[in-house]
Structure formats: structure tokens, C-alpha cells
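In what follows, a structure is listed as C-alpha cells, so that the remarks can point back to it.
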Amino acid sequence: MTIRAAGGGTAIGAGGRHEPRKPHGKPMVRWFHPSTLVKTGVKAFLSAVIGKQADRRLLDALTNPKQPLEQPYFDCTVDDENRPRDVLWLDYVSDLGDGWNATYAVATAVMNPALALEDPEGETHHTQGGEVLVFGGDEVYPTASVQEYYDRTVGPYEAALNHRRRVPSLFAVPGNHDWYDGLVSFVRLFCQGRTSEAWRTRQRRSYFAIKLPHGWWLLGTDMQLESDLDNTQVEFFKEVVSYMQDGERVILCNAEPEWAVSKIKAIAGRKALEGNLQFLEQLVLGKKVSIFLSGDLHHYMRHSGKDGRQKIIAGGGGAYLYPTHLPGEKRETEGFELRQCFPPSQKSRRLTWHNLAFPFLNPWFGVFMGAFYLQLGWGLASDMNSTGVSDKLSRVLHRALKGTGTLFLGGLTLVSAITFADARRGASWRWLAGGLHGSTHLLTAGLLTRAAATLVKQLGVGAPGSLRRDIASWLLLFTSGFLVAPVLVGLYLISSLNVFGCHANEAFSSLAIPDWKCFLRLRIDASGLTIYPVGIRRVPRAWKRGANGRDPVWVPDPADTRATRPELIEKPIVIGPTRALPVRVGVGLRPLASVP
1 MTIRAAGGGT AIGAGGRHEP RKPHGKPMVR WFHPSTLVKT GVKAFLSAVI GKQADRRLLD
61 ALTNPKQPLE QPYFDCTVDD ENRPRDVLWL DYVSDLGDGW NATYAVATAV MNPALALEDP
121 EGETHHTQGG EVLVFGGDEV YPTASVQEYY DRTVGPYEAA LNHRRRVPSL FAVPGNHDWY
181 DGLVSFVRLF CQGRTSEAWR TRQRRSYFAI KLPHGWWLLG TDMQLESDLD NTQVEFFKEV
241 VSYMQDGERV ILCNAEPEWA VSKIKAIAGR KALEGNLQFL EQLVLGKKVS IFLSGDLHHY
301 MRHSGKDGRQ KIIAGGGGAY LYPTHLPGEK RETEGFELRQ CFPPSQKSRR LTWHNLAFPF
361 LNPWFGVFMG AFYLQLGWGL ASDMNSTGVS DKLSRVLHRA LKGTGTLFLG GLTLVSAITF
421 ADARRGASWR WLAGGLHGST HLLTAGLLTR AAATLVKQLG VGAPGSLRRD IASWLLLFTS
481 GFLVAPVLVG LYLISSLNVF GCHANEAFSS LAIPDWKCFL RLRIDASGLT IYPVGIRRVP
541 RAWKRGANGR DPVWVPDPAD TRATRPELIE KPIVIGPTRA LPVRVGVGLR PLASVP
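Numbered by full-length UniProt numbering, the letters in the sequence shown go through residues 1 to 596 in order.
Now the structure itself:
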């Protein structure tokens, strides 16, 4: 079966020739676009309500029961001809399906049959494209639909496939954005055995287990929107554990990094995530997990335990960059010490200042704020034009308080700002920060209204009280609101993140930075497991039709000299063999403690 992706390009059948899709795909999602805010908010609300009442995982368990004598895992210890695999390459990509440039840049690296990667010390490491491809969550943005999956995920990976390598087997972990349509599109694309130009799917549910060569296992969970591990899933993993031998080790893939977000969710009253991982380790698996892999936060960050266990966030598959410099962030958490992050925290801090260009990065949000400021000052500006502009601000404020509509919009502004404020510091902080933010907008709107009325009077535009003077005041108020209000939002986000460690998501989603992408390439052989963290500092902005082998592809345009090649973020993380043999873990050649 062949999937035709929407938005251009040509799908092929068996024996056909690959024709690449022209890279005119989707731009990065603009999260502060009014329509995106409304659509995403509605989808999130509806999916949360529906998810509580009709859990798709339970329906899948009923409609796809396991057959008698069927093993609960996928066996990747042998190839398609049932020959034992001595070496297996596996790629892990998370948080993809956003803008074309970012997603396609990662896809071309992942789908390349061979990739030579230089580490920070100048040593070159030769890697191969994975026979297994794992998507670690949030396979599409902003909300899930079949069309969005095709345009933002399937399309770039089909265009990137180089036919000199075999199509990988794909396994996908759903994230919260995949759940925004109740997991309907995710199940249709990834859980029904469909094959595209880029991959072949094998899983039948939203969670899975893979037996890897040389005593390694990879488990992918589905925590749904409420960070909930359902009983059917628990029983599934308990059965999987019964097939594990002593000394074998587990790689656990979750859509969210418990070690990074559990504190935030606990403040918000959602403590299930941390308990789920402890429950998995202690009561279901009955053993410690050797490697935790996760996305959700769109950067690379690795924590290493004193016992050699690894916790790795690699959410750089295509979505906007997430900061790595949160002030006050603990360098050590639950015995795990921060070893590396990408981008460096100093660079991340500097990038936050790009929010000063908020109205130009998010012009439609500027239009919305300009219109809102116009509504706030509409009546006040007309009153000033007809009765004369007051020199005293107190009189301007008195006039504003006389209007019922102005009072309503002012209250709405305060409520919206308080609701928008980051909840991680508690209710008192939200009231204080949100109240100050909202009050600043109200004060600014009043000052801009007075300034607009004063300017049209000094310029002699129209007679006092005339429609011409009113229109001139309104145009000035809208324009100044378009420019000033988003800058205030940008300053609020800069100070919130760089000073107080709040609004990390909002401060960087507003920037929609396509760069600093990453994914993981794993190699498993008799000597152990090696993790290659691959980073792309700046993705190409321009592409041209080229050729790679016998098939035409889209390649970076050499004219884009600022684009960078894939490289290793740090030295490969090397983990020794399993089965209770003496184990050494290290980055490069530095020995660490043994892994349980």
C-alpha cells in the first residue's frame, strides 16, 4: 500500500520511481496567531473532555485483541530473512511535523544511508541510517489531523527518502498534540499497518515493545493527556517483562520527561506522571530503566546518574526551539547530573531577547492587539476630540471609567493577563504578575489614546468632534497599539524567563526558531550500545533539486552559506554489554560506574 501525501509531490507504487516533493511546504507554526490560539485552545479543551470519557487506548485494546500464542513484542533481533542481527542501527526523533525547513533538514539526515559526524573534538564518526525509526511524541503541530500529518510529517520524510537504503520500520509514541483529535489520526497512520514512501508501520496500539539484539529492549508508552497509565497498558508491559531474561536492559520512551516537568505538573495539581514512572520501574518492570528517552521539550539535554543511567531529552525533530537556560534550574535532580545541553544555556538566554521584535515576528498578533487597543480607546478618543484633550491624566482616567464598554474590556484585559500568567509559581504569583501585566496594557492604552487625540489636534486634522478627526485618532491608536502592545508582551516574556524562570514555552514559541535541531542515532552490537546525539545548529532556508544516487532529491542550496551540516552535540555515549557482564559507561573514553 502506498500513501499519497497532500500538498504536491508524486507517490509511487511497487517498482515506481521516486519523484521528490518540491519544498514549498508549511512554514513554522505561529503560536501567537489569533486563529492558532483559538483553534489549539478549543482542540485541547475538547480532547481533554473526550479523553476523560472515552479513552482511545481502551477501545484499541478491545478492537485489536492479542491472538493466542502471539508474543506481545516486535522481534528486531532477526532481519526479514530470519537471520540473527549482530548490529542494529536505530534512530530516535521527537517533536517533529512543524515547518518544512526544520522537519526536512532532520528528515534528510535521518534518511541518509550513511552520515559522517564530527564531534566537538574534531573526531569523525561514521554512522548508518536506522533500520528502526522511533518517533518519540508530538508527530504533528499544531493539532492532529490526517491532512496536517501528511503536510508536515509524511511529506517531508517521503521527500527525504534516499532509495539507496531500505525503508525503516516505524514505531511512534503519541504526545499531547497527537491526542488533540482523540488519537484518531495517529491510529489511522501509525497503528493500521500502513506503508508510505518513508516507512512501514507495525504497531497496532499506541504503545509497544521491541526486543533488540544483545539483551536490549525498547518500550514506548502512551501516557495520554492526563499523564495516565491505563490498566490495559500495565498488563501489556507486565507480559512483556515475562519474556525478559536476567541481565537484559530497558530503554524507556515517554512523550514527556518526568524528571524535567513533574514539578510543574505537581504545582498544577497533576502528579500522575512521576508516579507512573516509579510504578513502571518498581511494580511493572521490576528493574531500573537504563536509558530514559523523551521529547516534549524541544532541545537536547542529557542527565547522567552516578550508576551510569541516562536521562535524555531529544525533542529537536522540527518544532520550535525550547530554552535550556531556565534560571534556578537544578544541575542535579534525583541523583542525575546535567552533562550537556544544546543549544548552550548562554546562547539560549541571548535568543530570548529576540522577543523585542515581537510585533514583526507575530504580525497578526499585533493586528489583534492594535484592534483591542482601538476598542479600549474608541469612545475615549471620540470624547476627547469633541470636548478637548485634558492635560491631566486623572481627568482622562475619569472619562475612561465612565464608559461601560471600557470598564468591561478593562476587566477582560486583567482576567486574560492573570489567566495567561505562568502557574508554576502558584496562585499568588499569577495574580501579581498577571495583574501588573494587564494594568500595564490598560495604562499604555490610555496614554496612547490621549497621545493620538493630542496629535490630531495639533496637526489640525478636521474640526473638533468631526468624523474625520475621530477616524484619524482611531488609525493612530490602532497603529500604535500594533507596535507597542506586542513589545510589552515581549518585554514581559523576556523578564519572566530570564529573571524569574517563567513562561519558558511562551517566550520561545513566540520566536518559532527552526534552528538547533537534534535527534539520536543508536548502534547496538555485541560490545554494547552507543548513542550518537546529532545536532543541526542552523537548518537550510533554501533548497534546490539535486541527485543522490539514482534518485532525484532536494538538497540544501549552496547559496545558503549560513546553514550548517549535522554534527555530534557531544562525544558518543558508550554503554557496555548486557547480561550481567562487567559494564563500563562513558562519554567517549571516560569511564563511569556500572549500569544496573
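Cβ atoms here follow ideal geometry from the backbone N, Cα and C, with glycine treated the same way.
Given the structure is predicted, the values throughout are model-derived calculations rather than measurements.
The beta strand (DSSP E) that contains residue i, what's its start and end?
{"i": "isoleucine 513", "result": "Neither: isoleucine 513 is in no beta strand (DSSP E) and is coded neither H nor E."}
{"i": "methionine 301", "result": "300–305"}
{"i": "glutamine 340", "result": "336–342"}
{"i": "lysine 211", "result": "208–212"}
{"i": "arginine 450", "result": "Careful: arginine 450 lies outside any beta strand (DSSP E), inside the alpha helix (DSSP H) at 427–459."}
{"i": "arginine 249", "result": "249–254"}
{"i": "serine 294", "result": "291–294"}
{"i": "serine 169", "result": "169–172"}
Give me the DSSP bridge partner(s) of residue i.
{"i": "aspartate 91", "result": "Leu133 and Arg521"}
{"i": "tyrosine 532", "result": "Arg521"}
{"i": "glutamine 128", "result": "Ala114"}
{"i": "cysteine 191", "result": "DSSP, once it has assigned bridges, lists no residue as partnering cysteine 191."}
{"i": "asparagine 362", "result": "None, per the DSSP bridge assignment."}
{"i": "aspartate 222", "result": "Partner(s): none; aspartate 222 has no beta bridge."}
{"i": "proline 84", "result": "Val78"}
{"i": "alanine 314", "result": "Tyr300"}
{"i": "lysine 544", "result": "Val555"}
{"i": "threonine 201", "result": "Leu170"}
{"i": "glutamate 570", "result": "Paired residue(s): none; glutamate 570 is not in a bridge."}
{"i": "tryptophan 259", "result": "According to DSSP, which records beta bridges pairwise, tryptophan 259 is partnered with nothing at all."}
{"i": "tryptophan 217", "result": "Lys211 and Val250"}
Residue range of the alpha helix (DSSP H) that residue i falls in?
{"i": "serine 495", "result": "467–498"}
{"i": "valine 574", "result": "That residue, valine 574, is in no alpha helix (DSSP H); its beta strand (DSSP E) goes 573–575."}
{"i": "phenylalanine 236", "result": "231–241"}
{"i": "threonine 352", "result": "345–352"}
{"i": "valine 146", "result": "146–149"}
{"i": "glycine 155", "result": "155–160"}
Let me know if residue i comes out buried or exposed under the rule of 16 or more other beta-carbons within 10 Å of its beta-carbon.
{"i": "glycine 269", "result": "Since pLDDT at glycine 269 reaches only 42, below the 50 mark, its modelled position is unreliable, and the value read off the structure follows with that caveat. The residue in question, glycine 269, is exposed, as its Cβ has fewer than 16 Cβ neighbours within 10 Å."}
{"i": "lysine 211", "result": "buried"}
{"i": "leucine 69", "result": "Only weak support is given to the placement of leucine 69: the predicted model assigns it a pLDDT of 47, under 50, and the value that follows is read from those uncertain coordinates. Leucine 69 should be labelled exposed."}
{"i": "lysine 311", "result": "buried"}
{"i": "glycine 247", "result": "exposed"}
{"i": "serine 348", "result": "buried"}
{"i": "glutamate 121", "result": "exposed"}
{"i": "phenylalanine 360", "result": "exposed"}
{"i": "tyrosine 92", "result": "buried"}
{"i": "aspartate 515", "result": "buried"}
{"i": "glutamate 258", "result": "buried"}
{"i": "arginine 590", "result": "With a pLDDT of only 33 at arginine 590, under 50, the local geometry of the prediction cannot be trusted, and the value read off the model is given with reservation. Flag for arginine 590 reads exposed."}
{"i": "threonine 124", "result": "exposed"}
{"i": "glutamate 197", "result": "buried"}
{"i": "leucine 62", "result": "Note that leucine 62 scores a pLDDT of 49, beneath 50, so its modelled location is shaky and nothing firm can be said."}
{"i": "threonine 578", "result": "buried"}
{"i": "leucine 407", "result": "exposed"}
Among the residues of its own chain, which have a CB less than 7 angstroms from the CB of residue i, if the five just before and after it don't count?
{"i": "threonine 36", "result": "Val29, Arg30 and Pro142"}
{"i": "valine 489", "result": "Phe358"}
{"i": "alanine 105", "result": "Lys517, Ile536, Val539 and Pro540"}
{"i": "threonine 108", "result": "Ala160"}
{"i": "leucine 115", "result": "Ala109, Thr127 and Pro566"}
{"i": "leucine 374", "result": "Trp474, Leu477, Phe478 and Gly481"}
{"i": "proline 72", "result": "Lys66, Ala209, Phe236, Glu239 and Val240"}
{"i": "methionine 244", "result": "Trp217"}
Looking only at its chain, what residues have a beta carbon closer than 8 angstroms to the beta carbon of residue i, apart from the 5 residues adjacent to it on each side?
{"i": "glycine 546", "result": "Pro552, Val553, Trp554 and Val555"}
{"i": "valine 146", "result": "Ser185, Arg188 and Leu189"}
{"i": "serine 416", "result": "Gly438"}
Residues in the same chain with beta-carbon distance under 6 angstroms from residue i, minus the five sequence neighbours each way, listed in chain order, please.
{"i": "aspartate 119", "result": "Leu568 and Lys571"}
{"i": "alanine 563", "result": "Arg538, Pro540 and Pro556"}
{"i": "aspartate 422", "result": "Cys502 and His503"}
{"i": "phenylalanine 237", "result": "Val284"}
{"i": "leucine 252", "result": "Leu219, Val289 and Phe292"}
{"i": "histidine 441", "result": "Thr413"}
{"i": "tyrosine 157", "result": "Ala107 and Ala198"}
{"i": "histidine 325", "result": "Ser345, Ser348 and Arg349"}
Relative to the ligand FMN, is the shortest distance from any of its heavy atoms to the C-beta of residue i smaller than 7 angstroms?
{"i": "serine 480", "result": "Only the bare structure without any ligand can be found here, which leaves the ligand FMN out of the picture."}
**OP:** With a floor of 4 residues, list each alpha helix (DSSP H) that falls wholly inside the stretch 93–121, ordered by position along the chain.
**Re:** 100–111
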